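These notes are about the structure you will find just below.
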Amino acid sequence: MLAQPPIWFIAIAFVCAIGPLVFFHELGHYWVARWFGIGASQFSIGFGRELTGWTDKRGTRWKIGWMPLGGYVRFIGDMNAASQADANADLSSEEQAVAFHNRPWWQRFLVVLAGPVANFVLAIAIFATFFASYGFPNTPPVAASIAPGSAAEAAQLHVGDRIVSVAGQATRRFEDIQRIVSIRPGEQIDLMVERNQAVRTVPVRLGSVEQVDEFGQKYRIGQLGIGVPQREFEKISVGAAIPAAAGYAFDLTRSMVDGLVQILTGQRSTKDLGGPLKMAQIAGQQLSLGLFEFVQLVALFSINLGFINLLPIPTLDGGHLVFYAAEAVRRKPVSLRAMDWAFRGGLALLLALLVFVTLNDLASFGLFEGLGRLIG
């Protein structure tokens, strides 16, 4: 078992992981806005008091805040970092011409969408680099063995069976089986199995096993109980690596959606939700294992950041996109009063969620268990 990295190492790893992702996300917003001729007054990595910064020739203040948990681009006419319109702003005619909220809804929509898209593009670029350099993981989805007493044995699977789909999702590679099964411990699902060129559907209840990683952390995953064939990595060209990476990123995003649905429907415990502290711990652990593992984690974090920002919650990019879509349908903007209440509610929801996942993180670190022993 490996020792946990020291706190200072975890902090550095977290900043090194999150900082570039936030910068890339906000740069997506900034560049599309600049393409449309929209002015920006501030570009900030982190929140809170400015640690350092500079002002460019266009009047944009580029700065770093002391709290490295996000960032923002504040456009001309914005009231705050959440890009709410400032109804009381006294803008000059030149500022009115470049103000964000004076632009058509579709331009604002694309500016907001560009942030999450930038995170997906970054992840695809990282995966494509790995695939072009080391090969694309493409192990056949075939059962090399059947574990005694497993879900696969109960479903009467045989060695050599080809798994066509799991829980309604196509499995072109063995890696797809592992990805889909792992997030469904104890769940009843359907398998499509090909044997002797005949395809049949088999109901199966997946196993649920507790695993311990290199750092002694426990987590529960689903298990089918089939052995992995010889791992295969397909050599592909740079051109082929990009669509392969895009498909890989799509599959990971789908797994995130599945996990969120499971939590919302009660199939999965809310204890599985992690926050900034857990992310920092994982970043430190992966960096301690090596640069290769850390960069892979950065790609996963990038997809996570893009996905979360697309959720339709006011103050997040997804909430803005909903308002602009409503404006397109109604042919007039949503009232400032309605948007203000929505943003207040969204901010309260995010703060409550932050508190909840932080408590989850502290519980996973054993803090409350330790306090209980001290009190008892």
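This note's numbering applies: residue 5 is where the sequence shown begins, and numbers increase by one. No residue lacks a Cβ here, since even glycine has one placed at the ideal position from N, Cα and C. Predicted, not measured: the structure shown is a model, and the values here were computed from it.
(1) Thinking G211 and S149 are a contact (beta carbons under 8 Å), I'd like their distance in whole angstroms, please.
(2) Please classify F179: does DSSP put it in a helix, a strand, or coil?
(3) Alpha carbon to alpha carbon, how far is M343 from S259?
(4) Count the other C-beta atoms from every protein chain shown that fall within 10 angstroms of the C-beta of N200, then say buried if there are 16 or more, exposed otherwise.
(5) Taking the alpha carbon of L126 as the point to measure from, which residue in G310, G350, F347, L351 has its own alpha carbon closest?
(6) Which same chain residues end up closer than 8 Å to V203 when comparing Cβ atoms and leaving out the 5 residues on each side of it in sequence?
(7) Name the DSSP bridge partner or partners of Y223?
(8) Taking the CB atoms as reference points, tell me whether G279 and F18 lie closer together than 8 Å.
(9) Below 8 Å CB to CB, which residues in the same chain sit around H29 once its five sequence neighbours on both sides are set aside?
(10) At the 8 Å Cβ level, is A332 part of the contact set with chain B, yes or no?
(11) Output yes or no for whether 8 Å exceeds the beta carbon distance between V115 and F40.
(12) Note down the Cα distance separating P24 from Q300, rounded to an integer number of angstroms.
(13) Less than 8 Å separating the beta-carbons of T4 and R235?
(14) Could you please give me the residues that DSSP links to I167 through a beta bridge?
(15) Pick from G350, V338, L325, F347: whose alpha carbon is nearest that of L385?
(16) Out of D60, T205, Y328, Y34, which one is the CA nearest neighbour of Q173?
(17) Alpha carbon to alpha carbon, how far is S273 from R188? Give it in angstroms, no decimals.
(18) Look up Q290 in the DSSP assignment and say whether it is helix, strand or coil.
(19) Answer yes or no: do S45 and G63 have a C-beta to C-beta separation smaller than 8 Å?
Here's the rundown:
(1) Along the sequence shown, one-based indexing puts residue 211 at 207. Along the sequence shown, one-based indexing puts residue 149 at 145. That belief does not hold up - the Cβ atoms of G211 and S149 are roughly 15 Å apart, past 8 Å.
(2) Reading the sequence shown from its first residue, position 175 is the one you call residue 179. Before going further, note that residue 179 is Glu rather than Phe in the sequence given. Helix, per DSSP.
(3) Taking the sequence shown and counting its residues from 1, the one referred to as residue 343 is at position 339. Taking the sequence shown and counting its residues from 1, the one referred to as residue 259 is at position 255. Each residue's alpha carbon lies about 32 Å from the other.
(4) For the purposes of this step, residue 200 is identified with residue 196 of the sequence shown, where counting begins at 1. Exposed: under 16 other Cβ atoms inside 10 Å.
(5) Here residue 126 refers to the residue found at position 122 when the sequence shown is read from its first residue. The option with the nearest alpha carbon to L126 is G310.
(6) Taking the sequence shown and counting its residues from 1, the one referred to as residue 203 is at position 199. Correct list, in chain order: V168, M196, V197.
(7) Against the sequence shown, residue 223 aligns to sequence position 219. Paired residues: Q215.
(8) The residue you call residue 279 lines up with position 275 of the sequence shown. The residue you call residue 18 lines up with position 14 of the sequence shown. Result no, Cβ atoms of G279 and F18 do not sit closer than 8 Å.
(9) Here residue 29 refers to the residue found at position 25 of the sequence shown. Contacts found: G75, G119, P120, A122, N123, L309, G310, N313.
(10) Any reference to chain B falls outside this structure, which holds one protein chain only.
(11) Start at 1 with the first residue of the sequence shown, and residue 115 comes out as number 111. Start at 1 with the first residue of the sequence shown, and residue 40 comes out as number 36. Yes. Within cutoff.
(12) Translated into the one-based positions of the sequence shown, residue 24 becomes position 20. Translated into the one-based positions of the sequence shown, residue 300 becomes position 296. Computed Cα separation, rounded: 14 Å.
(13) Beyond the ends of the chain as shown, which are 5 and 380, falls residue 4; an answer cannot be given.
(14) Counting from one through the sequence shown, the residue named residue 167 turns up at place 163. In the DSSP output, where bridge partners are listed per residue, I167 has V197.
(15) Given a span of 5 to 380 for the chain in the structure shown, any question on residue 385 remains unanswerable.
(16) As a first step, residue 173 must be located in the sequence shown, where it is residue number 169. The residue with the shortest Cα to Cα distance from Q173 is T205.
(17) For this step, residue 188 is matched to residue 184 along the sequence shown. For this step, residue 273 is matched to residue 269 along the sequence shown. Roughly 12 Å separates the two Cα atoms.
(18) Walking along the sequence shown from the start, residue 290 turns up at place 286. Looking at Q290 - three-state DSSP - the assignment turns out to be helix.
(19) Counting from one through the sequence shown, the residue named residue 45 turns up at place 41. Counting from one through the sequence shown, the residue named residue 63 turns up at place 59. Yes, the pair counts as a contact, with Cβ atoms nearer than the cut-off.
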